[in-house]
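Enquirer: In full-length UniProt numbering, the protein residues as written are 1 to 395. Glycine is no exception: its CB is placed at the ideal position from the N, C-alpha and C atoms.
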């Protein structure tokens, strides 16, 4: 072999061993320097595997294309509603999972803001979709239904499961009364924002009340959004130590990087948007065929989708003696609905030229206020037990 050929072979061998890259002879070269494309596919495979295994609800992902076909092919409205409604469950699980993974990748403050924005993304997407189609009754009922299911059903199940598990100890469960006190106070403010338009409606002549209520609702919504921004600063910056136990994650092992989590977040959001649009389009047919009211769909059916994953997470946390974490998730999500999503819907209605206001049905306003009062009474002493959890569920 000639001298130039020996030199070329020596240089090639040195490159493989890392000498040209500044490594000592014999040091292994990372796989990604040899095969960057293959490494990219390996990462994508592991990210996809972790995403598909994040929830048992992902078994329903096959309903997503089926729901799209049903909607575009003009199937029976009831079939379109059921298929797309069920398809939202796995998409909501993926949205929640990608939000958690992305939050863990970008730091506490930005992660907290991401959670604050996408924590109730399902309700926001369904609400905006319904608002665009003029289904204001559905939007209002779904907001109240989400708050009721969070403050009564889910919180009650947390207290019951944690308290019944410790029933043999005959001790009350204790939690951070400072955090719950702040959150319940904000809920009282939110309930007042719904009660005042109802009071105005009953004391003002009918010919004038609608315009007054609409203006009042828009001003009140801006104030509520300001409250929520200040609350986020309070939680994430100035008094972060108070929320330490409430923000503690159950695992530090995160499978997705920021790019993979962002892709899953975008795809799941697009899927929920399409399915929500199909669900709202089919409501008229479902109301006629099944003889159910729009209030029932908004108050009972729609909140099931948004709160299903939250229900499983919080009950599991409470059974692992992480009651502060469970309460923080439930009350934080409920606050987000009351102080952010609901006023945001009013502002979106303003932008879309829809008369969305805070004047809810009298029954819904009354139930909302009573739920806040009941929860306030139960959590004010910082102690609870399984019987109080049962009371919340029964309420």
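(1) Going by other Cβ atoms of all chains shown within 10 Å of its Cβ, with 16 needed for buried, is residue 387 buried or exposed?
(2) For the candidate residues 129, 76 and 364, whose alpha-carbon lies nearest to that of residue 289?
(3) Would you check if the distance between the CB atom of residue 333 and the CB atom of residue 134 is smaller than 9 Å?
(4) How about residue 231 and residue 335: are their beta carbons less than 9 Å apart?
(5) Given a threshold of 16 other Cβ atoms within 10 Å of its Cβ, counted over all protein chains shown, does residue 322 qualify as buried or as exposed?
(6) Would you report the Cα separation of residue 282 and residue 297, rounded to the nearest angstrom?
(7) Which of the three DSSP states is assigned to residue 174 in this structure?
(8) If you run the structure through DSSP and keep just helix, strand and coil, what is residue 336?
(9) DSSP state of residue 235, grouped into three classes?
(10) In whole angstroms, what separates the C-alpha of residue 183 from that of residue 331?
(11) Let me check understanding here. Comparing Cα to Cα, which of 284, 276, 220 and 362 lies closest to residue 306?
(12) Assign residue 140 to one of three DSSP states: helix, strand, or coil.
(13) On the three-pair Cβ rule with 8 Å, is the segment 150 to 160 touching the segment 349 to 364?
(14) Please state the DSSP three-state secondary structure of residue 23.
(15) Alpha carbon to alpha carbon, how far is residue 216 from residue 398? Give it in angstroms, no decimals.
(16) When the Cα of residue 144 is compared with those of 312, 300, 86 and 354, which residue comes out closest?
(17) Can you list, in chain order, the residues of its chain with a C-beta nearer than 6 Å to that of residue 378? Leave out the 5 residues immediately preceding and following it.
(18) Can you pull the DSSP bridge partners for residue 384?
(19) Does the pairing of the segment 364 to 376 with the segment 179 to 193 give three or more beta-carbon distances under 8 Å?
(20) For residue 240 and residue 180, what's the separation of their Cα atoms in angstroms?
(21) Helix, strand or coil: which one does DSSP assign to residue 292?
(22) In the segment 62 to 136, which residue ranges form an unbroken alpha helix (DSSP H) of at least 4 residues, counting only runs that do not cross its ends?
(23) Nearest by alpha-carbon distance to residue 286: which of 65, 83, 147 and 393 is it?
(24) When DSSP labels each residue in this structure, what does residue 365 get in the three-state scheme?
(25) How big is the Cα-Cα spacing for residue 86 and residue 204?
(26) Tell me whether residue 395 counts as near the ligand ADP, meaning its Cβ is closer than 8 Å to at least one heavy atom of that ligand.
(27) Quick one: give me the first and last residue of the alpha helix (DSSP H) that residue 59 is part of.
(28) Consult DSSP for residue 375 and reduce its assignment to one of helix, strand or coil.
(29) Quick check on DSSP: helix, strand or coil for residue 353?
(30) Quick one: what does DSSP say residue 277 is sitting in, helix, strand or coil?
(31) With DSSP run on the structure shown, which of helix, strand or coil describes residue 193?
(32) Which whole-angstrom value describes the C-beta separation of residue 356 and residue 341, a residue pair presumed to lie in contact below a C-beta threshold of 8 Å?
(33) Identify which residue in 326, 141 and 265 has its Cα closest to the Cα of residue 173.
(34) With DSSP run on the structure shown, which of helix, strand or coil describes residue 324?
(35) Does the distance from the C-beta atom of residue 224 to that of residue 317 stay below 9 Å?
Expert: Here's the rundown:
(1) Classification of residue 387: exposed, given that the 10 Å Cβ count is below 16.
(2) 76
(3) The criterion of a C-beta distance shorter than 9 Å is not satisfied by residue 333 and residue 134.
(4) Yes, Cβ-Cβ distance for residue 231 and residue 335 is below 9 Å.
(5) buried
(6) 12 Å
(7) strand
(8) helix
(9) For residue 235, the secondary structure class from DSSP, reduced to helix, strand or coil, is helix.
(10) Their backbone Cα atoms lie some 7 Å apart in a straight line.
(11) 276
(12) helix
(13) no
(14) Reliability fails at residue 23, whose pLDDT of 48 lies under 50, so the model's placement of it is uncertain and no value is given.
(15) As shown, the chain starts at 1 and ends at 395. That puts residue 398 outside it, with no answer to give.
(16) 300
(17) 388
(18) 173
(19) yes
(20) In a straight line, the C-alpha of residue 240 is about 14 Å away from that of residue 180.
(21) coil
(22) 63 to 72, 77 to 105, 108 to 118 and 121 to 132
(23) 83
(24) helix
(25) 43 Å
(26) Among the components modelled here there is no ligand, and therefore nothing to report on the ligand ADP.
(27) Note, residue 59: premise wrong, no alpha helix (DSSP H); not H, not E.
(28) helix
(29) DSSP places residue 353 in coil when its eight states are reduced to three.
(30) helix
(31) helix
(32) Wrong, their Cβ atoms sit about 12 Å apart, outside the cutoff.
(33) Of the listed residues, the one whose Cα sits closest to residue 173 is 326.
(34) helix
(35) no
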